[in-house]
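There are 2 protein chains.
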Amino acid sequence: MKGHMKHGQAFVPPVGSPGDPRSGKGSWVRGKRGYHHGNLSEALIEAAKGLLAEKGPAGFTLKDAAKAAGVSPAAPYRHFKDRAALIGAVSDRGYAQFSEWLREAASAGTDPADAFNRLGEAYLAFAADEPGYYTAMFDAEGVGKTDHDAGAGAFSILVEGLTKAYGAESFGGADPRLIGLQVWALSHGVATLAAAGRLPYGPGVPTAAEILSRGVDALVRGARR
Amino acid sequence: MKGHMKHGQAFVPPVGSPGDPRSGKGSWVRGKRGYHHGNLSEALIEAAKGLLAEKGPAGFTLKDAAKAAGVSPAAPYRHFKDRAALIGAVSDRGYAQFSEWLREAASAGTDPADAFNRLGEAYLAFAADEPGYYTAMFDAEGVGKTDHDAGAGAFSILVEGLTKAYGAESFGGADPRLIGLQVWALSHGVATLAAAGRLPYGPGVPTAAEILSRGVDALVRGARR
DNA sequence: TGTACATCAGTGAACGCGCGTTCACTGATGTAC
DNA sequence: TGTACATCAGTGAACGCGCGTTCACTGATGTAC
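Line by line, the protein sequences are chains A and B. Take the position in the first sequence, starting the count at 1, then add 5; the result is the number in this note's numbering. Take the position in the second sequence, starting the count at 1, then add 5; the result is the number in this note's numbering.
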């Protein structure tokens, strides 16, 4: 995954100060700082993602996001209709990125069975590494049509990986989508329990990744024949 | 100042009116109605549970709960330290009831394998029938120590059912708790995806219960040997 | 090339609202004598 | 048994706060001539 510049959360230096990230580093369209931010909608999405990750959907406020991006509370309304629209934008990004991760994981290497295992790992890694996205995608109140489509897209990658890995016929007539759904649910369950601190942990206790990978393995093995 | 009889909330019938639920129906401890509610903490928990189910943790307000219970906004503070304490009480109840459901499901009948399957069904049924409890248990911000203990209790019922059904040794040396965790995560995943409307549905599409029961089955079968 | 002007993307103060919570109070209940 | 009194469990008004959002505005930018 590309290291995209972390900008603009929590302690944004005043515009034009020496530490100001708006001084023309990489992802900033304009090298000049000033009255206009230049990349505000991007920065807001990034800030929202961070706040969502940190405080959850309830702890996220538009004003905080604006402050994190270094602008006044009214500025976001130039780019997003309201708070829900901003969260929606985070969710959209999340789904896009999620699908990309899955697609990458599925296409790397040559062995389909390995590819499928990597899919599960990618799922967990995404939930763990991008809690902001994950929260916006699954936890937000406003679940729109876009999300369903995007979710369906990600899901189809999973099912495809499954059939490629094991063959569409190898589940004894069972619809591979059913197994896909089960894998999806298991992944989601592990991810959310882990995020909520509801999974036991400590020495000798399996990690979330182990629980999932061995679970997916057992699930698929048990479903075949 | 005597004119104090007016409670002033929207739809609660005046004290003593024919429709007043405080007229001594069943669960009301006192047959007499009056200034004192008589069973307020109970009523508040019940109201909170309903609101949590209806609107989620974000949509739940203490004032609404008070109104639903037919008392003034200050009254809940006689029984609960603050809003979090009320939600915590709902969560506690939820865990108690949850464990009871699981225990019942596990102990009915004679065949351990059947018993184990019923455990999964009971899990889903609980999440579906008691969304208020489920929300408080897993979704609430304030996850206390009590919850962990109660959750551990419920979990141990699951693991016990598993070992009874299949024998502690039959998982090829794998810790039955690992399989228990996977079953738990799968159940939780199916339940939360279903609650969020994230599971496809329609004619010919498996229900949440089918997804889970067949998934648990595959999981256990795949984990053995 | 310079200048006038339209448009864009910000500002900062203010709004209305509804939340959780506190307050001094009062009506009802239980108890000691 | 009756009565005085302490305690309990409510009331209703008010508070401070921080939210989402709107407003009239202004500085910066892009463009036509």
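Glycine is no exception: its CB is placed at the ideal position from the N, C-alpha and C atoms.
- Here B:A170 is near B:P117, since their CB atoms are less than 8 Å apart.
- Within the stretch 154 to 178 of chain B, contact with chain A at the beta-carbon level (separation under 9 Å) is assigned to G156, A157, F160.
- Contact between the stretch 194 to 201 of chain A and the stretch 192 to 199 of chain B is present: three or more C-beta pairs spanning the two stretches fall below 8 Å.
- Rounded to the nearest whole angstrom, the CA to CA distance from B:F131 to B:T168 is 22 Å.
- When the beta-carbon positions are compared, A:A141 and A:V95 come within less than 8 Å of each other.
- B:K72 carries a helical assignment under DSSP once its states are collapsed to helix, strand and coil.
- In the structure shown, the three-state DSSP call for A:Y206 is coil.
- Residue state for B:H42 is assigned as coil, using DSSP reduced to three classes.
- Contact between the stretch 169 to 186 of chain A and the stretch 199 to 215 of chain A is absent, with fewer than three C-beta pairs closer than 8 Å.
- Neighbours of A:G185 in chain B, taken as residues at a C-beta separation under 9 Å, are lacking, since the least C-beta distance is about 10 Å.
- Taking C-beta separations shorter than 6 Å and ignoring five residues to either side along the sequence, the partners of B:S104 in its chain run G158, A159, following chain order.
- Of the residues assessed, A:G227 falls on the buried side of the cut-off, its CB having 16 or more other CB atoms within 10 angstroms.
- Around the beta-carbon of B:K68, fewer than 16 other beta-carbon atoms lie within 10 Å, marking it exposed.
- Residue state for B:F65 is assigned as coil, using DSSP reduced to three classes.
- Within the stretch 129 to 164 of chain B, not a single complete beta strand (DSSP E) segment reaches 3 residues in length.
- For a Cβ distance threshold of 9 Å, residue set Q187, A190, L191, G194, V195, G220, L224 of chain B lies close to A:L191, ordered along the chain.
- Collapsing the DSSP output to three states places A:F176 in coil.
- At least one C-beta of chain A is nearer than 8 Å to the C-beta of B:G227.
- B:H193: member of the alpha helix (DSSP H) spanning 181 to 200, first to last residue.
- Counting of Cβ neighbours within 10 angstroms places A:K86 among the exposed residues, the total staying below 16.
- Contact holds between the stretch 209 to 227 of chain A and the stretch 216 to 225 of chain B, because three or more Cβ pairs, one in each stretch, are under 8 Å apart.
- Within the model, the alpha-carbon separation for B:V76 versus B:H42 is close to 8 Å.
- In this structure, the straight-line span from the alpha carbon of B:D144 to that of A:P81 is close to 29 Å.
- Annotated as distal: B:G99 and B:Y128, with beta-carbon spacing of 8 Å or more.
- Ranked by Cα distance from B:R108, the first of B:I92, B:I162, B:A133, B:K60 is B:I162.
- Rounded to whole angstroms, the separation of the alpha carbons of A:T66 and A:K72 is 10 Å.
- Listed along chain A is no residue with a C-beta nearer than 9 Å to that of B:I92; the closest approach is about 12 Å.
- For B:P78, the three-state secondary structure derived from DSSP is coil.
- For A:F103, the enclosing alpha helix (DSSP H) has its first and last residue at 88 to 112.
- Taking the Cα of A:H153 as reference, the smallest distance to any Cα among B:A113, B:G202, B:G125 is reached at B:G202.
- Listed in chain order, the non-local C-beta contacts of B:L124 below 7 Å within the same chain comprise L107, A110, A111, L163, G166, local neighbours out to five positions each way being set aside.
- Closest in alpha carbon position to A:A214, among A:A179, A:D180, A:E126, A:Q102, is A:E126.
- Looking from the CA of B:D134, the closest CA among B:H84, B:N44, B:N122, B:G55 belongs to B:G55.
- B:H84 and A:G61 have their alpha carbons spaced roughly 28 Å apart.
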